[in-house]
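Residue numbers (the working numbering), protein chains in the order written: chain C, 20 to 194; chain X, 10 to 200.
Note that the Cβ used here is the ideal one computed from N, Cα and C, for glycine as well.
Let me begin by presenting the structure, written as structure tokens, before commenting on it.
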């Protein structure tokens with residue numbers, strides 16, 4: 020189901036659900052792995068703007084992936100507001116530089132973020148060029164995922180699933 | 010936006026606690042964090058000011074375990090309540106699958122609550138969401154305060170859509186899990 024969000028001339032589609040099949044996750048993982056290897060990065064991630072981690076490659080950040088997803092999406096939202104104050108539509112890329120580790124985040128199709136975590140061995144120029152290439156590729160894959168979502172969802176969310184999840188909620192969320 | 014990852018057998022949903030400053034949003038999350046089985050939760054993150062006011066958001070990931078082969082997770086967020094941070098609230102709302110509106114029951118907070126709910130309605134419109142079909146529950150918090158308004162008054166003015174509502178004293182945990190159960194089921198029903 021799609022809705023339309025329009026503000027300041029920018030329009031973007033708000034997805035209700037995103038369902039990723041085995042095949043598409045495989046393709047996404049190949050792109051992320053290639054980007055990680057080619058840039059010698061420690062980790063590459065694809066997250067959605069609400070902070071959910073869609074896919075992650077590399078070992079470095081895997082343990083903290085959920086928290087990283089939420090925080091990096093927050094950083095991006097915050098930078099978007101900074102852009103707005105400066106009269107920019109948005110900042111499409113963010114570079115965070117540490118002593119050992121660096122993070123480069125770029126936006127894909129207004130809805131997703133590609134994150135690369137790399138150390139001082141890697142040159143930022145290489146990361147910029149190759150992440151642009153990977154972002155274009157991921158954009159095409161995510162478009163397909165979007166179009167397939169309704170069809171794939173019905174295979175997972177059925178009556179049985181809904182009833183089981185309600186039982187689990189009752190069991191877990193209690194005083 | 011709920012994310013259903015068939016390859017990894019995972020489902021992720023985002024729930025946002027919304028409401029005015031000091032209404033108890035963070036307290037709700039802190040109580041869940043403290044009381045739930047530790048295996049079912051991750052670390053709680055808070056981006057707060059030095060005086061412990063929420064600056065950006067609080068974040069608490071919950072893991073329901075495996076349901077029908079799918080690992081089901083809820084990500085709980087709070088927005089900053091202070092009026093100044095409207096744009097931040099909007100940013101946190103982005104991609105939410107369900108909302109808990111936490112109202113401060115005290116009479117002196119009534120007008121602020123009203124403003125907050127109309128701001129929420131406006132933000133949801135901006136995000137292209139139809140509030141009449143959107144998972145939302147109300148929590149009447151601080152029921153233990155001497156100036157707490159009768160529930161009937163809160164229902165009449167703050168809950169015009171007649172969505173499920175729960176009385177709470179979040180600091181002692183009363184009503185916290187009842188609210189969380191209701192919004193979680195509501196979100197799953199809308200998936």
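Within 10 angstroms of its Cβ, does residue 82/X collect 16 or more other Cβ (buried), or is it exposed?
Counting from one through the second chain, the residue named residue 82/X turns up at place 73. So residue 82/X counts as buried.
Of the residues 149/X, 169/X, 170/X, 94/X, which one's Cα is nearest the Cα of residue 160/X?
The residue you call residue 160/X lines up with position 151 of the second chain. It is 149/X whose Cα lies nearest to the Cα of residue 160/X.
Rounded to whole angstroms, what is the Cα-Cα separation between residue 69/X and residue 97/X?
Taking the first residue of the second chain as 1, we reach residue 69/X at position 60. Taking the first residue of the second chain as 1, we reach residue 97/X at position 88. Near 18 Å, if we compare the C-alpha coordinates of residue 97/X and residue 69/X.
Alpha carbon to alpha carbon, what distance is there between residue 99/X and residue 36/X?
Start at 1 with the first residue of the second chain, and residue 36/X comes out as number 27. Start at 1 with the first residue of the second chain, and residue 99/X comes out as number 90. Spanning the two alpha carbons is a distance of roughly 21 Å.
Between residue 167/X and residue 112/X, how many whole angstroms is the CB-CB distance? I'm expecting something under 8 Å.
Within the second chain, numbered from 1, the residue matching residue 167/X stands at position 158. Within the second chain, numbered from 1, the residue matching residue 112/X stands at position 103. Right, the Cβ-Cβ distance comes to about 6 Å (below 8 Å), so this counts as a contact.
Just checking, does the segment 174-194 of chain C make contact with the segment 149-159 of chain C on the three C-beta pairs under 8 Å criterion?
Segments in contact, no.
Could you tell me whether any Cβ in chain X is nearer than 8 Å to the Cβ of residue 187/C?
The residue labelled residue 187/C in the question sits at position 168 within the first chain. Yes, because at least one Cβ of chain X sits closer than 8 Å to the Cβ of residue 187/C.
Is residue 96/C close to chain X? Criterion is C-beta to C-beta, closer than 8 Å.
Your numbering for residue 96/C matches position 77 in the first chain. Yes, residue 96/C counts as interfacial toward chain X.
Taking only beta carbons into account, state which residues of the segment 108-127 of chain C come closer than 8 Å to chain X, listed in chain order.
Correct list: empty, as no residue qualifies.
So with Cβ pairs under 8 Å, would you call residue 167/C a contact of chain X?
For this step, residue 167/C is matched to residue 148 along the first chain. Taking Cβ atoms only, chain X never reaches closer than 8 Å to residue 167/C, which makes this a no.
Rounded to whole angstroms, what's the CA-CA distance from residue 133/X to residue 140/C? Just pull it up for me.
Counting from 1 along the second chain, the entry for residue 133/X is found at position 124. Counting from 1 along the first chain, the entry for residue 140/C is found at position 121. Straight-line Cα distance between these residues: approximately 45 Å.
What does residue 70/X reach in chain C if we use C-beta pairs closer than 9 Å?
As a first step, residue 70/X must be located in the second chain, where it is residue number 61. Here the neighbours are 85, 86, 89.
Please state whether the Cβ-Cβ distance between residue 89/X and residue 64/X is less than 8 Å.
Here residue 89/X is taken as the residue at index 80 of the second chain, counted from 1. Here residue 64/X is taken as the residue at index 55 of the second chain, counted from 1. Yes.
So, using beta-carbon positions, are residue 127/X and residue 188/C closer together than 8 Å?
Against the second chain, residue 127/X aligns to sequence position 118. Against the first chain, residue 188/C aligns to sequence position 169. Cβ atoms of residue 127/X and residue 188/C: not closer than 8 Å.
Whose C-beta lies closer than 6 Å to the C-beta of residue 199/X among residues of the same chain, with five residues either side of it excluded?
Within the second chain, the letter at position 190 stands for residue 199/X. Contacts found: 144.
If we ignore side chains and look at the alpha-carbon of each, how far apart do residue 84/X and residue 43/X end up?
Position 75 of the second chain holds residue 84/X. Position 34 of the second chain holds residue 43/X. For residue 84/X and residue 43/X, the distance between alpha carbons rounds to 16 Å.
For residue 66/X versus residue 93/C, is the C-beta spacing smaller than 8 Å?
For the purposes of this step, residue 66/X is taken as residue 57 along the second chain, with counting starting at 1. For the purposes of this step, residue 93/C is taken as residue 74 along the first chain, with counting starting at 1. Yes; because the gap between Cβ atoms is below 8 Å, this pair is in contact.
For a cutoff of 8 Å on Cβ pairs, would you count residue 175/C as touching chain X?
Along the first chain, one-based indexing puts residue 175/C at 156. Chain X, which has a Cβ nearer than 8 Å to the Cβ of residue 175/C, makes this yes.
Taking 8 Å as the threshold (beta carbon to beta carbon), is residue 69/C in contact with chain X?
Locating residue 69/C in the first chain gives position 50, counting from the first residue. Answer yes: the Cβ-Cβ gap between residue 69/C and chain X drops below 8 Å somewhere.
Where does residue 118/X sit, in a helix, a strand or coil, going by DSSP?
If you number the second chain from 1, residue 118/X lands on position 109. Correct three-state label for residue 118/X: helix.
Tell me the residue span of the alpha helix (DSSP H) that contains residue 40/X.
The residue you call residue 40/X lines up with position 31 of the second chain. Counting along the chain, the alpha helix (DSSP H) containing residue 40/X begins and ends at 34-44.
Taking the beta carbon of residue 170/C as the centre, do at least 16 other beta carbons fall within 10 Å, making it buried, or is it exposed?
Stepping through the first chain from its first residue, residue 170/C is reached at position 151. Exposed, by the Cβ-count rule.
Should residue 76/C be flagged as near chain X, meaning a C-beta pair shorter than 8 Å?
By 1-based counting over the first chain, the position of residue 76/C is 57. No - not a single Cβ of chain X is within 8 Å of the one on residue 76/C.
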